[in-house]
Amino acid sequence: MAVPFIDLQRFEPGFVERWLNLCREITAGTQFVGGPRVAAFEERLTAELEVGGAVGCANGTDALQLALRAAGVGEGDRVLIPDATFWATFEAVVNCGARPVTVDVDPGDWQMDFELFRQAVERFRPRAAILVHLYGWGSARLDDFRTFCRRRHLPLIEDGAQAFGCRWRGESIYRGAELATISFYPAKVLGSCGDAGAVVGRDAAVLERVRRLGNHGRTLHYEHGLVGWNSRMAGLDAAYLSLSLDYLGPRLAARRRFAARYRQRLAELGVATAAPPPGYEENGYVNVTLIPPEERPAWRRVLDGHGVGYGTIYPGSMSEQPAAEGFLAGRLGGDQARRLARSVLNLPLFAGMRDDEFEAVMAAVEEAAGRGRRRPPGDGAFS
Ligand SMILES: Cc1ncc(COP(=O)(O)O)c(C=O)c1O
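Take the position in the sequence shown, starting the count at 1, then add 17; the result is the number in our numbering.
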């Protein structure tokens, strides 16, 4: 049985009808940019994420740029980022006129390494830092990051593009953040019907600055107190996201169930997976299987042969990207991020996945793992 890596068409009964009715209403009211739908979604987001406030915007990359600009980052500044993330984190820093410094990740949780981060702050004197919550959980040292940055008056922006629904010590992961960003790209845990994003945080004045920056720096309709750009959320996106929030509970439960089942079944086969550290309830965004790099091509061949989709999120670290060199202001370590990039293989995981699809994936995985075991273990073997 062929299984896609992700399938966004598995709508719950009644979802499409409700959505089409909303489209009709919004079209009749021409509430296309901003407006009451966006305001209502921002209110729901604020409650759902247990934060002080939320500002919708055009996408998760803009959300990072808005947060960086609102935190005062500009020309010539240095910003610390983890070496394992999506390229948008790097781009956002550069697009603000600043230069990224990459910090290696901790192989315990695959998030930015706190001890290296502390060293990087001393060495590079950054203007701000971005902590990415990668794979649907966050750092085991999240509280240390937050406390350290607060004491140093170092703005810490949490890139929560992949973290919707993730809980840390019983609370939304966004709750303790000064400023955090979200992506609602359709493949995310809460995905929209197009590109969309949000900035959330606790300080109303900073969020107001975010809102202004994303609306041409407006202070009045034709008075501009800041130079920003257009990053407003569309009414259709806000309506689709509000509707999707009604379905979030069961979707999250399904994702978490498959994430846990993969971890258990892969462990039984002696195959390593990345896992959230204690204190986290993950959102099941992706499966993160770790294959010794020399075995990964054989795994791919077996999965291709079975028609099983997979991802490699992400196949290269930030500091080794072709475009990085001209912009990097420094790097601290990077071996772990590179090892992760060479080893990661993501198996199908999405909210509407069926049990028979999961078993079909596992049949292919058992074959791939059997083949892997017949070869002598290589240098890159995961313990
Ligand atoms: C960690 C991370 N940051 C930022 C982004 C950018 O979000 P968007 O695609 O909505 O611009 C993504 C999207 O995949 C992401 O995974």
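Yeah, the Cβ is synthetic: ideal placement off N, Cα and C, and Gly gets one too. Computed from a prediction, not measured in an experiment: that's the story for all the values here.
Which same chain residues end up closer than 7 Å to residue i when comparing Cβ atoms and leaving out the 5 residues on each side of it in sequence?
i	result
Leu307	Ala289, Thr290, Ala291, Ser360, Val361 and Phe399
Arg280	Thr290 and Ala292
Leu133	Val120, Asp121, Leu349 and Gly350
Val227	Val72, Leu83, Ala84, Ala87 and Val216
Gln136	Leu349
Asp212	Ala75, Asn76 and Tyr202
Ends of the alpha helix (DSSP H) at residue i?
i	result
Val110	Trp104 to Asn112
Cys40	Phe32 to Gly46
Ala146	It is not in any alpha helix (DSSP H) - Ala146 instead sits in the beta strand (DSSP E) that spans Ala145 to Val149.
Val138	Phe131 to Phe141
Leu207	Taken as a continuous stretch (DSSP letters only), Leu207 belongs to no alpha helix (DSSP H), as it is neither H nor E.
Asp160	Leu159 to Arg169
Gly356	The sequence given here places Arg at residue 356; Gly does not occur at that position. Its alpha helix (DSSP H) spans residues Asp352 to Ser360.
For my contact list, residue i and residue j are in at a C-beta cut-off of 8 Å; report their separation, rounded to the angstrom.
i	j	result
Gly51	Arg229	Going by Cβ atoms, the distance from Gly51 to Arg229 rounds to 13 Å, so no, they are not a contact pair.
Leu66	Tyr191	4 Å
Ala276	Glu299	6 Å
Gln353	Pro124	5 Å
Thr102	Met335	6 Å
Gly234	His241	4 Å
Ile147	Ala178	About 11 Å separates the two Cβ atoms, so there is no contact after all.
Skipping 5 residues on each side, what residues in its chain have a beta carbon closer than 6 Å to that of residue i?
i	result
Phe28	none
Ala71	Glu59, Leu62, Thr63, Ala215 and Val217
Val20	Val325, Pro365, Glu374, Ala377 and Val378
Pro272	Per the sequence presented here, residue 272 reads as Arg, with Pro not at that position. These residues qualify, in order along the chain: Gly301 and Ala368.
Gly91	Gly114
Arg54	Gln48, Gly252, Ala255 and Ala256
Cys166	Leu173
Met18	Ala377
Ignore the nearest five residues each way along the sequence and tell me which others in residue i's own chain have a CB closer than 8 Å to its CB.
i	result
Ala346	Arg95, Arg116, Pro117, Val118 and Phe141
Arg35	Leu260
Val111	Pro117 and Phe344
Could you tell me the boundaries of the beta strand (DSSP E) in which residue i lies?
i	result
Leu349	Gly347 to Leu349
Asp176	Leu173 to Asp176
Arg229	Looking at the DSSP string, Arg229 is not in any beta strand (DSSP E); the run it does join, the alpha helix (DSSP H), is Ala221 to Leu230.
Ser200	Leu196 to Ser200
Ala215	Gly214 to Gly218
Val118	Arg116 to Val120
Arg235	Arg235 to Leu237
Q: Kindly provide the ranges of any beta strand (DSSP E) runs that are 3 or more residues long and lie completely inside the segment 260-337, ordered along the chain.
A: You should have found no qualifying run.
Q | Ordered list of alpha helix (DSSP H) runs contained in the segment 44-106, each at least 4 residues | A | Within the segment 44-106, the complete alpha helix (DSSP H) runs of at least 4 residues are 53-65 and 77-87.
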